[in-house]
Amino acid sequence: MERSTTTDTSRRAPRRARDTGPELGGLFDGYLDPRRPHAGAYDEMFGPDASVRQAYRRLHEQLAASQPGDLAARSEALDRALVDQGITFSLSGQERPFPLDLVPRVITAAEWSRLEKGIVQRVRALEMFLADIYGDQQIIRDGVLPRRLITSCEHFHRSAAFVLPPNGVRVHVSGIDVVRDEEGTFRVLEDNLRNPSGVSYVMENRRTMARVFPDLFAKHRVRAVGDYAVHLLRALRAAAAANVADPNVVVLTPGVHNSAYFEHSLLARQMGVELVEGRDLFCRDNVIYLRTTEGERQVDVIYRRIDDDYLDPVQFRPDSVLGVAGVLNAARAGNVVIANAVGNGVGDDKLVYTYLPEILKYYLGEAPLLPNVDTYRCWLPDEQEQVLDRISELVVKPVEGSGGYGIVFGPNSSAKDLMALRKRVRANPRGWIAQPVVQLSTVPTKVGQRLKPRHVDLRPFAVNDGKSVFVLPGGLTRVAIPEGSLIVNSSQGGGSKDTWVLAPRSSTADAELSGQGLAGSSPMDEVAPERGPELTAAQQQQQQQQQQGGEETDARTQR
Amino acid sequence: MTAENWRIRVVHTTGYRYAAPVVQSYNEARLTPRSDRWQNLVVSRIETTPPTRSFRYTDYWGTEVTSFDLHAPHTELKIVSSSVVETGATVEPVDGASWADLRAPEVVDRYAEYLEWTRYVPRHAELGQLARTMRKGRKPHEAVLAIAELIHDRLTYRRGTTGVHSSAADAWEAREGVCQDYAHLTLAMLRSIGIPARYVSGYLHTNPDGKVNETVRGESHAWIEAWTGGWWGFDPTNDIEIGPRHIWVAIGRDYADVSPLKGTYSGGAATAIEVSVDVTRLA
Amino acid sequence: MLARNAESLYWIGRYVERADDTARILDVSVHHLLEDATVDADATSRQLLVVLGIVPPEGTAFDMRSLTDLVAFSREHSGSIVSSISSARENTRVAREVVSTELWECINAMWNALPERQKAAKRTGPHSFFSFVEERAAMFAGLADSTMSRDDGWRYLVLGRSVERVDMIVRLLMSRVGDKPSSPGWVTVLRSAGAHDTYLRTYRGALDARRVVQFLLLDRLFPRSVFHALRQAESCLEHLDHRPVTRVGSKAEAIRLLGKARSDLEFLRPDELLENLTDRLMELQTTVREVGEAVSQQYFHSVPWVAWTNAEVSL
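Residue numbers (UniProt numbering), protein chains in the order written: chain U, 1 to 559; chain G, 1 to 283; chain D, 1 to 315.
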């Protein structure tokens with residue numbers, strides 16, 4: 001839709017926008033309009049005094065120098081590249097190109113280092129928390145968390161109790177959603193410990209941007225994201241039982257019609273493992289087998305991208321046709337590893353999230369390196385009262401929602417809707433939390449022919465192999481396209497940005513950037529490729545003369 | 001009466017018959033009596049026909065689960081669980097908590113799972129109302145006894161009116177049911193007045209004066225446990241205390257947590273085969 | 001390899017070949033209709049549909065346009081070029097991790113371009129569409145050749161392609177069995193099979209039915225001959241079967257069927273060729289179908305979705 005309008009206008013008014021634009025140059029015309037919604041948000045490119053922040057200086061220089069027409073052309077090239085590569089997501093059954101914005105989001109080395117430490121800390125604590133909850137529940141016995149917090153959680157799966165992963169890892173892959181508040185401080189918005197998706201877009205956005213904007217990359221030291229699958233495969237192989245020499249890893253997908261199928265397929269391909277559907281696997285005597293052309297082959301690790309509810313019809317939804325009957329007991333028997341583990345949802349419950357400072361303190365004795373967003377818990381009577389009083393200024397979220405569904409923005413809602421919401425909160429206080437409206441930070445984003453501030457969040461991905469937690473330097477930056485919107489999910493019409501984590505000036509990242517050559521030095525002497533027999537210039541000339549002479553006969557044989 | 005402790009052998013036969021041959025089936029049986037400080041499990045064995053290799057584990061509720069799967073076509077699956085158990089003495093009500101104690105936040109939190117509503121034990125206005133009237137002038141443990149008696153009196157024991165999926169509300173509507181319904185109804189009333197209560201499944205030796213080595217036709221049974229400063233059981237179906245005749249297998253919030261045999265298979269309709277429970281007092 | 005992926009590769013091979021061959025056949029037929037005004041368009045079209053195994057809708061009289069609409073562009077009709085390409089793409093999509101990225105992008109771009117190409121064909125005539133399909137199919141074959149390992153996956157792909165090729169050539173010959181040995185229709189057959197130039201070079205321009213049939217059925221060197229395709233399919237299957245050699249008979253039904261069909265042709269006296277041609281062609285068609293079934297039985301143990309039922313025993 002966007003694309004067609006831009007091409008139309010560019011055809012009508014070619015090359016005029018060039019000498020307009022007063023302070024910020026054509027593309028940024030009207031960018032810092034003080035009347036824009038959420039003007040108090042932290043803009044990642046411009047400081048409050050309209051100066052360009054250090055991290056974005058080079059990018060701004062290059063963007064300011066380009067013209068709206070270039071932007072449209074690049075944007076079209078981008079979309080075409082995405083569709084041809086099949087990088088799409090399905091929205092209500094339709095395949096659409098994944099919306100990638102032209103302007104990357106830049107994170108400095110120092111900012112990234114803080115984020116990385118905070119994420120690692122969080123993942124470590126959540127691993128210990130899950131191991132405890134599905135084991136002896138010491139944290140409850142010690143009175144640190146109320147038992148009811150856990151037992152009332154919809155994703156607390158009693159059938160996963162005492163299932164012990166061989167290397168202790170349950171959160172093989174996590175996506176920790178962070179936002180920047182008005183001060184520019186990174187805060188965690190929610191944890192995703194079940195099936196966080198989006199990492200394929202991180203990799204593909206980068207690949208596509210590099211195709212379309214090679215010049216931008218040349219001027220920046222951007223850390224690589226392409227080796228994610230290497231880390232993932234290492235973690236999955238490490239998760240297998242210790243006595244499996246060459247673990248057989250598979251990726252389990254719900255199927256080609258799933259919205260994240262592209263990602264499942266990409267990860268399987270990059271890891272060089274089979275992408276399977278539930279019907280390709282079966283369980284016999286608590287061992288999982290793959291149906292191959294050669295007969296059955298045992299499976300050791302299942303990286304599943306199917307929700308718990310559909311994973312095992314024996315334990316969960318009996319009508320599931322996507323899962324593998326008996327797989328949970330196979331994991332319990334230690335014959336297969338399910339990654340991520342069953343029941344991780346108790347760790348990313350939005351109410352459990354509010355207890356994260358307690359959880360961090362209990363297991364690690366540390367204070368959170370990344371603060372949460374302030375959150376009211378509707379299930380505590382006094383906090384519920386505050387929520388009900390101030391409901392028109394809060395964002396009220398269902399604990400069980402994902403993908404942005406069910407979220408109510410107090411300030412945008414009618415009095416009638418708020419009354420209804422109050423009633424729902426009162427009826428099910430465990431089901432709701434509330435947060436003050438965080439004015440997410442903004443990054444310049446292509447809107448029509450101009451760049452406009454649009455709100456973004458960030459989902460970095462962490463992979464735990466049991467020894468260390470690797471955080472992919474980058475992440476999925478999602479951007480809310482409608483003006484003033486703070487909801488960034490792609491299922492709600494959001495877009496995405498390539499996320500650039502800059503390498504520190506001199507550091508280990510240098511090795512990552514340059515890499516070590518395979519051989520000590522490249523061969524110096526050039527060896528020209530061989531060629532077949534050719535006619536010399538003199539021979540050609542003779543032939544041409546001959547041709548001119550016998551033109552008539554030639555023409556006849558060619559018929 | 002002989003000694004307070006009985007040694008009992010239970011042979012429980014159950015299973016399914018399928019309308020068409022089934023090629024794949026996955027099953028979980030919760031048929032092994034518990035071994036704890038009240039009851040001692042001497043020996044237990046579960047056999048299936050067709051034979052299978054089984055896997056045992058202990059679930060969240062502490063119940064021994066036997067899981068097994070079948071991959072050869074079969075039209076009937078039979079499971080025989082045999083065990084020998086030394087049962088405990090008669091259980092006395094625990095008079096250890098006042099109504100105020102039961103309302104204390106720590107208690108409410110610790111026993112939250114046994115106070116919440118489930119599909120089988122839903123919140124029910126009439127039952128709640130009735131329970132509150134039973135509370136007046138009684139201590140919690142007395143209320144438990146009174147409620148169990150009330151359920152026993154109001155309900156008629158009849159098979160066939162309710163089924164495996166009937167809830168307490170369904171049974172109340174019908175005023176009829178089996179032990180499962182008696183237990184669910186009692187749980188619904190107890191929970192409505194804040195007494196933590198849980199579902200117990202097991203077996204009952206039907207003859208109070210059971211002679212040694214005489215085999216009687218027993219039955220799968222269900223009763224409840226309530227927390228009034230400590231857990232103790234009571235049998236609302238028969239309005240009797242739990243004693244040497246009761247053999248307990250599993251506890252949970254309701255039937256769903258303890259169902260004795262649960263399976264997933266691909267194929268046509270399944271019907272239960274004739275269930276038999278042979279109970280023999282050995283000593 | 002994963003049985004379901006093997007099945008997908010086999011069908012990718014078949015669908016791409018089908019799209020390619022259908023485009024060739026249709027291209028020649030349409031050309032024939034346009035060039036020769038004396039041809040009865042409806043009858044010729046119906047004959048073509050029979051060859052392609054498409055049941056013609058009753059009532060309508062076919063012309064060039066309605067024929068191409070049905071055989072090339074129809075989305076409903078499973079035999080059309082567009083639907084073959086869609087099926088090939090769908091199979092590639094579910095087996096993406098076993099085909100190379102280049103191959104996927106080739107077939108995906110082909111599929112994405114269909115509506116645009118179709119529109120163009122409506123403007124400038126169907127030939128541009130046919131040559132687009134032929135080009136893309138050639139590109140697909142080339143990319144498969146240069147980017148895929150010669151592993152089992154490759155063999156399933158080639159197996160599918162070879163089996164489909166036998167089927168299409170047989171159909172093509174079937175359409176002409178009633179023609180006179182000197183009929184110009186035989187040139188059409190050669191053109192449709194992409195064999196005209198090669199044939200002319202081999203037989204020095206002498207055109208007669210016996211030689212055409214001989215070329216398309218028996219030629220050992222021409223890659224689109226039935227014999228060549230059968231031998232290729234046979235060799236794929238021999239490599240796919242990793243079991244030890246059996247002392248008597250052949251290892252598997254599919255190999256036996258192919259081997260028998262191949263040796264029937266191999267040791268046929270050329271002058272017997274035109275006797276019982278119809279029977280021979282029908283036998284080949286049966287063989288193709290049976291080979292497909294046998295391969296599926298032996299290798300593609302993929303199961304349909306299992307519908308689970310829960311059973312619970314009451315007390």
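We put the beta carbon where it would ideally sit given N, CA and C, even for glycine.
Proximity below 8 Å, CB of residue i to CB of residue j
i: residue 267 (chain U); j: residue 251 (chain U); result: yes
i: residue 104 (chain U); j: residue 497 (chain U); result: yes
i: residue 13 (chain D); j: residue 158 (chain D); result: yes
i: residue 240 (chain U); j: residue 301 (chain U); result: yes
i: residue 465 (chain U); j: residue 235 (chain U); result: yes
i: residue 41 (chain U); j: residue 439 (chain U); result: yes
i: residue 263 (chain G); j: residue 27 (chain G); result: yes
i: residue 274 (chain D); j: residue 210 (chain D); result: yes
i: residue 70 (chain U); j: residue 112 (chain D); result: no
i: residue 393 (chain U); j: residue 411 (chain U); result: yes
i: residue 103 (chain D); j: residue 143 (chain D); result: yes
i: residue 80 (chain G); j: residue 43 (chain G); result: no
Own chain partners of residue i with C-beta closer than 7 Å, once the 5 adjacent residues on each side are dropped
i: residue 315 (chain U); result: 159, 328
i: residue 97 (chain G); result: 140, 228, 229
i: residue 509 (chain U); result: Note that residue 509 (chain U) scores a pLDDT of 49, beneath 50, so its modelled location is shaky and nothing firm can be said.
i: residue 359 (chain U); result: 125, 129
Option nearest residue i by Cα separation, candidates the options
i: residue 253 (chain G); options: G:225, G:274, G:96, G:37; result: G:225
i: residue 454 (chain U); options: U:469, U:385, U:480, U:220; result: U:480
i: residue 25 (chain D); options: D:130, D:74, D:117, D:161; result: D:130
i: residue 196 (chain G); options: G:46, G:115, G:95, G:165; result: G:115
i: residue 65 (chain D); options: D:205, D:57, D:181, D:125; result: D:125
i: residue 242 (chain D); options: D:106, D:288, D:119, D:298; result: D:298
Proximal residues of chain G, C-beta to C-beta of residue i below 9 Å
i: residue 3 (chain D); result: Under the 9 Å cutoff, chain G gives no residues; its nearest Cβ is about 17 Å from residue 3 (chain D).
Sequence-distant residues of the same chain with beta carbon closer than 6 Å to residue i, five excluded per side
i: residue 63 (chain G); result: 30, 250
i: residue 98 (chain D); result: 5, 153
i: residue 185 (chain D); result: 176, 179
i: residue 566 (chain U); result: Any property of residue 566 (chain U) remains undetermined from this structure, which presents chain U solely from 1 to 559.
i: residue 383 (chain U); result: 376, 377
i: residue 287 (chain G); result: With chain G represented from 1 up to 283, any question about residue 287 (chain G) goes unanswered, as that position is not in the structure.
i: residue 161 (chain D); result: 13, 17
Chain-ordered neighbours of residue i on chain D, where CB pairs are closer than 7 Å
i: residue 268 (chain U); result: 97
i: residue 325 (chain U); result: 308
i: residue 313 (chain U); result: 308
Residue i: contacting residues in chain G (beta-carbon distance under 8 Å)
i: residue 161 (chain U); result: 59, 60
i: residue 283 (chain U); result: 26, 69
Cross-chain neighbours of residue i in chain U, by beta carbon under 7 Å
i: residue 113 (chain G); result: 151
i: residue 93 (chain D); result: 256
i: residue 36 (chain G); result: Those within 7 Å of residue 36 (chain G) in chain U number zero; the least Cβ separation is about 18 Å.
i: residue 316 (chain D); result: There is simply no residue 316 (chain D) to check, as chain D begins at 1 and stops at 315 in what is shown.
Chain-order list of residues whose beta-carbon lies under 8 Å from that of residue i (same chain, five-residue window excluded)
i: residue 19 (chain D); result: 81, 84, 85, 88, 133, 137
i: residue 162 (chain U); result: 134, 135, 332
i: residue 227 (chain D); result: 217, 218, 219, 220, 262, 265, 266
Chain G residues whose Cβ lies nearer than 7 Å to that of residue i
i: residue 286 (chain U); result: 55
Contacts of residue i in chain D (Cβ-Cβ under 9 Å)
i: residue 479 (chain U); result: Chain D residues near residue 479 (chain U): none, gap ~26 Å exceeds 9 Å.
Chain D contact residues for residue i, given Cβ-Cβ distances below 8 Å
i: residue 249 (chain U); result: The contacting residues do not exist; residue 249 (chain U) stays about 12 Å from chain D at best.
i: residue 270 (chain G); result: 309, 311
* To do: Name, going along the chain, the residues of the segment 234-266 of chain G whose beta-carbon falls closer than 8 Å to a beta-carbon of chain D.
  => So the list reads 259, 260, 261, 262, 263, 264, 265, 266, given in the order they occur along the chain.
* Closer than 9 Å, Cβ to Cβ, to anything on chain D: give me those residues from the segment 69-90 of chain U, in chain order. => Per Cβ criterion, the list reads 83, 84, 85, 86.
* Asked: What residues in the segment 81-110 of chain G bring their beta carbon closer than 7 Å to a beta carbon of chain U?
  -> Correct list: 109, 110.
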